Amino acid sequence: PVSADGNSTCHHCPYNLRTNRRDTNDSCVQDHGTNTDRSAFSETHRTELQLQEEHCQNPDHLNVDFESLSPPPLFSPPHGPLNMSHGYVQTDYRQFAQDFVMNTDVRSSSSSSAIADLREDEDGVYFSSYGHYGIHEEMLKDKVRTESYRDFIYQNPHVFKDKVVLDVGCGTGILSMFAAKAGAKKVIGVDQYDIVYQAMDIIRLNKLEDTITLVKGRIEEVDLPVEKVDIVISEWMGYFLLFESMLDSVIYAKDKYLAEGGSVYPDICTISLVAVGDKNKHSDRLAFWDDVYGFNMSCMKKAVIPEAVVEVLNPGMLISEACVIKHIDCHTASLPDLEFASDFTLTITEDTVCTVWFSTGPQFMKTHWKQTVFLLENPISLKRGEPLKGRITVRKNRKDPRSLIITLLVNNVQQTYSLQ
52 PVSADGNSTC HHCPYNLRTN RRDTNDSCVQ DHGTNTDRSA FSETHRTELQ
102 LQEEHCQNPD HLNVDFESLS PPPLFSPPHG PLNMSHGYVQ TDYRQFAQDF
152 VMNTDVRSSS SSSAIADLRE DEDGVYFSSY GHYGIHEEML KDKVRTESYR
202 DFIYQNPHVF KDKVVLDVGC GTGILSMFAA KAGAKKVIGV DQYDIVYQAM
252 DIIRLNKLED TITLVKGRIE EVDLPVEKVD IVISEWMGYF LLFESMLDSV
302 IYAKDKYLAE GGSVYPDICT ISLVAVGDKN KHSDRLAFWD DVYGFNMSCM
352 KKAVIPEAVV EVLNPGMLIS EACVIKHIDC HTASLPDLEF ASDFTLTITE
402 DTVCTVWFST GPQFMKTHWK QTVFLLENPI SLKRGEPLKG RITVRKNRKD
452 PRSLIITLLV NNVQQTYSLQ
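In this note's numbering, the protein residues as written are 52 to 471.
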């Protein structure tokens with residue numbers, strides 16, 4: 052809660068979030084999250100879709116916007132069988148979406164400020180996922196990530212000296228402490244996760260409490276102890292750069308709190324696409340379903356293909372030069388910039404078969420971001436030097452604005468993927 056005088060205090064524990072001071076030796080055991088009323092999902096939702104006879108025979112005619120469907124119910128019995136009698140298909144929403152996801156019509160999000168508009172209870176799953184200490188340990192142990200921030204801050208003390216710094220999504224406070232050590236006059240760290248309580252102890256252990264102030268809450272909802280800051284810094288990047296939509300919050304902070312002439316770091320980001328030829332991976336993911344312990348499960352392919360896969364790939368499997376599909380200047384970026392379409396041309400570097408596409412840089416040291424893989428349903432035969440042209444469209448899922456819907460159009464074949 053934030054009082055009228057700007058002080059923020061947890062009413063359930065002895066922390067004063069502004070002064071980073073623990074008033075007693077008690078520990079906070081109150082669950083600050085909002086429990087979702089799952090009873091609202093207990094009813095089994097079903098839908099009937101009237102199909103014309105030719106649509107039943109040719110599912111490719113269907114054009115289904117599965118983003119607009121309600122979330123699947125939470126229920127224990129297995130999904131009921133498809134009822135094809137009298138030209139009706141009866142199934143639950145989730146199965147319906149899986150069956151026809153390849154023909155999805157992807158549209159832009161209904162609100163450009165979808166993240167800022169989310170209520171705390173609607174965003175609880177995202178925030179609770181960062182309440183586990185393991186994910187913070189993984190990020191801190193990612194040397195490429197953490198040392199890049201450290202080196203940039205420590206090697207540019209003139210940028211931070213005597214500045215007021217805002218750390219959006221501060222987590223354990225590592226970036227806040229880097230900034231304080233580099234000479235920042237004041238650092239304000241904001242985080243909704245309960246990890247902020249551990250960050251308070253960490254900051255006191257390192258005797259930085261006079262410089263660093265922590266505020267618990269969403270940046271879109273809290274009141275800061277200052278009107279303007281000189282620098283906004285954040286480790287907001289997700290899978291495929293934009294997954295989780297944390298950049299939305301950084302843009303909000305920039306627009307509201309950054310003083311004229313201020314800076315945002317990281318400042319420049321790009322997303323690149325490259326082709327991969329890995330027949331074994333393609334076979335392992337798709338051909339596997341043709342014979343599973345003697346049973347034909349090939350119908351699973353339609354469900355598997357639309358799921359973007361996040362993993363570390365072998366750089367030896369690259370078969371094209373990388374192509375930048377999105378360039379983001381964080382100083383000037385606005386929310387509409389984060390949904391985009393881009394034409395691309397990949398130059399093939401060897402005779403092979405293209406089986407997958409993926410983003411980020413596998414040719415460098417691996418990071419916890421890994422690569423985002425989009426599996427092609429049918430591999431494409433390619434020759435060295437041949438240009439492979441296509442178009443990629445990236446949109447937020449209207450039902451879950453922290454997840455992404457990505458459409459690839461290659462060789463006149465369109466495939467749609469979800470990253471969630």
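The C-beta atom is built at its ideal place from N, Cα and C for all residues, glycine as well.
Note that the structure is a prediction, hence the values are computed from the model and not measured.
Problem - Which of helix, strand or coil DSSP assigns to Ser-227 - result: Looking up residue 227 in the sequence shown gives position 176. The answer is helix: DSSP assigns Ser-227 an H, G or I state.
Handout entry: Ala-479 versus Pro-366, Ile-253, Glu-401 and Asp-318, residue with shortest Cα-Cα distance
Key = Residue 479 cannot be examined here, being either before or after the span of the chain that is shown, 52 to 471.
Handout entry: Where Asp-143 falls: helix, strand or coil (DSSP)
Key = Your numbering for residue 143 matches position 92 in the sequence shown. No answer about Asp-143 holds up, because its pLDDT of 43 lies below 50 and its placement is not dependable.
Exercise for the section: In the DSSP assignment, find the alpha helix (DSSP H) that holds Asp-261 and state where it starts and stops. Expected result: Working through the sequence shown from its first residue, we reach residue 261 at position 210. Premise fails: Asp-261 is in no alpha helix (DSSP H) and is neither H nor E.
Practice task
Determine, using beta carbons only, whether Val-11 and Tyr-308 come nearer to each other than 8 Å.
Solution key: The chain is shown only over 52 to 471; residue 11 falls outside these bounds and no answer can be derived.
Problem - Environment of Ala-231 [buried if 16+ CB atoms lie within 10 Å] - result: Stepping through the sequence shown from its first residue, residue 231 is reached at position 180. Label assigned to Ala-231: buried.
Handout entry: Residue(s) in a DSSP beta bridge with Ile-316
Key = Indexing the sequence shown from 1 puts residue 316 at position 265. Per the sequence presented here, residue 316 reads as Tyr, with Ile not at that position. Answer by DSSP bridge pairing, in chain order: Ile-284.
Handout entry: Residue environment, Asp-451, which counts as buried when at least 16 other CB atoms sit within 10 Å
Key = Residue mapping note: residue 451 aligns to position 400 of the sequence shown, counting from 1. Asp-451 comes out buried.
Exercise for the section: Would you decide whether Asn-462 is buried or exposed? Buried here means 16 or more other CB atoms lie within 10 Å of its CB. Expected result: Counting from one through the sequence shown, the residue named residue 462 turns up at place 411. Answer is exposed; the Cβ neighbour count stays below 16.
Problem - CB contact flag (Ile-399, Ala-326, <8 Å) - result: Within the sequence shown, residue 399 is the residue found at index 348, counting from 1. Within the sequence shown, residue 326 is the residue found at index 275, counting from 1. Yes; because the gap between Cβ atoms is below 8 Å, this pair is in contact.
Handout entry: Start-to-end residues for the alpha helix (DSSP H) that takes in Ala-304
Key = Start at 1 with the first residue of the sequence shown, and residue 304 comes out as number 253. First-last of the alpha helix (DSSP H) with Ala-304: 297 to 308.
Exercise for the section: Let me know the secondary structure DSSP gives Thr-197 once reduced to three states. Expected result: Translated into the one-based positions of the sequence shown, residue 197 becomes position 146. In this structure, Thr-197 counts as helix in the three-state DSSP scheme.
Problem - Member of Ile-254, Ala-354 and Arg-442 whose CA lies at the smallest distance from the CA of Phe-391 - result: For the purposes of this step, residue 391 is taken as residue 340 along the sequence shown, with counting starting at 1. Comparing Cα positions, the closest option is Arg-442.
Practice task
Measure the C-alpha to C-alpha separation of Pro-128 and Asp-306 and round it to an integer number of angstroms.
Solution key: Stepping through the sequence shown from its first residue, residue 128 is reached at position 77. Stepping through the sequence shown from its first residue, residue 306 is reached at position 255. Since pLDDT at Pro-128 reaches only 36, below the 50 mark, its modelled position is unreliable, and no value is offered.
Practice task
Kindly indicate the opening and closing residues of the beta strand (DSSP E) around Lys-237.
Solution key: Your numbering for residue 237 matches position 186 in the sequence shown. Per DSSP, Lys-237 belongs to the beta strand (DSSP E) from 237 to 242.
Exercise for the section: Kindly indicate which three-state DSSP category Val-216 falls into: helix, strand or coil? Expected result: On the sequence shown, residue 216 is found 165 positions in, with the first residue counted as 1. It is a strand residue.
Practice task
Spell out the partners DSSP gives Glu-438 in its beta bridges.
Solution key: Along the sequence shown, one-based indexing puts residue 438 at 387. It should be pointed out that residue 438 corresponds to Pro in this sequence rather than to Glu. Answer by DSSP bridge pairing, in chain order: Thr-398.
Exercise for the section: Would you decide whether Cys-381 is buried or exposed? Buried here means 16 or more other CB atoms lie within 10 Å of its CB. Expected result: On the sequence shown, position 330 is the one that residue 381 refers to. By the neighbour-count rule (16 or more Cβ atoms within 10 Å), Cys-381 is buried.
Problem - Arg-449 - partner residues in DSSP beta bridges - result: Taking the first residue of the sequence shown as position 1, residue 449 is located at position 398. Paired residue(s): none; Arg-449 is not in a bridge.
Exercise for the section: Output the distance between the C-alpha atoms of Phe-211 and Val-360, rounded to the nearest integer angstrom. Expected result: For the purposes of this step, residue 211 is taken as the residue at position 160 of the sequence shown. For the purposes of this step, residue 360 is taken as the residue at position 309 of the sequence shown. One C-alpha to the other measures close to 38 Å.
Practice task
Report yes or no: do the region 348 to 357 and the region 250 to 259 share at least 3 C-beta pairs separated by less than 8 Å?
Solution key: no
Problem - Span of the beta strand (DSSP E) around His-378 - result: Translated into the one-based positions of the sequence shown, residue 378 becomes position 327. First-last of the beta strand (DSSP E) with His-378: 374 to 380.
Exercise for the section: Specify the secondary structure class of Ser-385 as computed by DSSP and reduced to three states. Expected result: Here residue 385 refers to the residue found at position 334 when the sequence shown is read from its first residue. Ser-385 falls in the coil class under three-state DSSP.
Handout entry: Alpha carbon of Trp-287 to alpha carbon of Phe-346, nearest angstrom
Key = Your numbering for residue 287 matches position 236 in the sequence shown. Your numbering for residue 346 matches position 295 in the sequence shown. Cα to Cα, Trp-287 sits roughly 44 Å from Phe-346.
Practice task
Tell me whether the beta-carbon of Ala-233 lies closer than 8 Å to the beta-carbon of Tyr-205.
Solution key: Start at 1 with the first residue of the sequence shown, and residue 233 comes out as number 182. Start at 1 with the first residue of the sequence shown, and residue 205 comes out as number 154. Their beta carbons are under 8 Å apart, which means Ala-233 touches Tyr-205 by this criterion.
Practice task
Verify whether the separation of the beta carbon atoms of Ile-282 and Ser-334 is less than 8 Å.
Solution key: Within the sequence shown, residue 282 is the residue found at index 231, counting from 1. Within the sequence shown, residue 334 is the residue found at index 283, counting from 1. Contact: no.
Problem - Phe-294 in three-state terms, based on DSSP - result: Here residue 294 is taken as the residue at index 243 of the sequence shown, counted from 1. Phe-294 falls in the coil class under three-state DSSP.
Exercise for the section: Identify, in the order they occur along the chain, each residue of the same chain with its Cβ nearer than 6 Å to the Cβ of Glu-437, setting aside the five sequence neighbours on each side. Expected result: Within the sequence shown, numbered from 1, the residue matching residue 437 stands at position 386. Closer than 6 Å at Cβ, skipping near neighbours: Ile-399.
Practice task
Report the three-state DSSP secondary structure of Ala-338 (helix, strand or coil).
Solution key: Against the sequence shown, residue 338 aligns to sequence position 287. Looking at Ala-338 - three-state DSSP - the assignment turns out to be helix.
Exercise for the section: Could you tell me the distance, in whole angstroms, from the CA atom of Val-343 to the CA atom of Val-238? Expected result: Along the sequence shown, one-based indexing puts residue 343 at 292. Along the sequence shown, one-based indexing puts residue 238 at 187. Taking the straight line joining both Cα atoms gives about 56 Å.
Exercise for the section: Please say whether Ser-285 and Val-301 have beta carbons closer to each other than 8 Å? Expected result: Your numbering for residue 301 matches position 250 in the sequence shown. Your numbering for residue 285 matches position 234 in the sequence shown. Yes. Within cutoff.
Exercise for the section: Could you check what DSSP says for Gln-466 in three-state terms: helix, strand or coil? Expected result: Counting from 1 along the sequence shown, the entry for residue 466 is found at position 415. Strand at Gln-466.
Exercise for the section: From the DSSP output, read off the bridge partner residues of Ser-349. Expected result: Against the sequence shown, residue 349 aligns to sequence position 298. DSSP lists no partner for Ser-349.
Handout entry: Residue of Gly-222, Ala-310, Asn-331 and Asp-394 minimising C-alpha distance to Ala-250
Key = If you number the sequence shown from 1, residue 250 lands on position 199. The shortest C-alpha separation from Ala-250 is found at Gly-222.
Practice task
Quick one: residues in its chain with C-beta nearer than 6 Å to the C-beta of Lys-332, no 5 flanking neighbours on either side, listed in chain order?
Solution key: As a first step, residue 332 must be located in the sequence shown, where it is residue number 281. Contacts found: none.
Problem - Between the CA atoms of Ile-263 and Glu-428 - distance to the nearest angstrom - result: Taking the sequence shown and counting its residues from 1, the one referred to as residue 428 is at position 377. Taking the sequence shown and counting its residues from 1, the one referred to as residue 263 is at position 212. Computed Cα separation, rounded: 51 Å.
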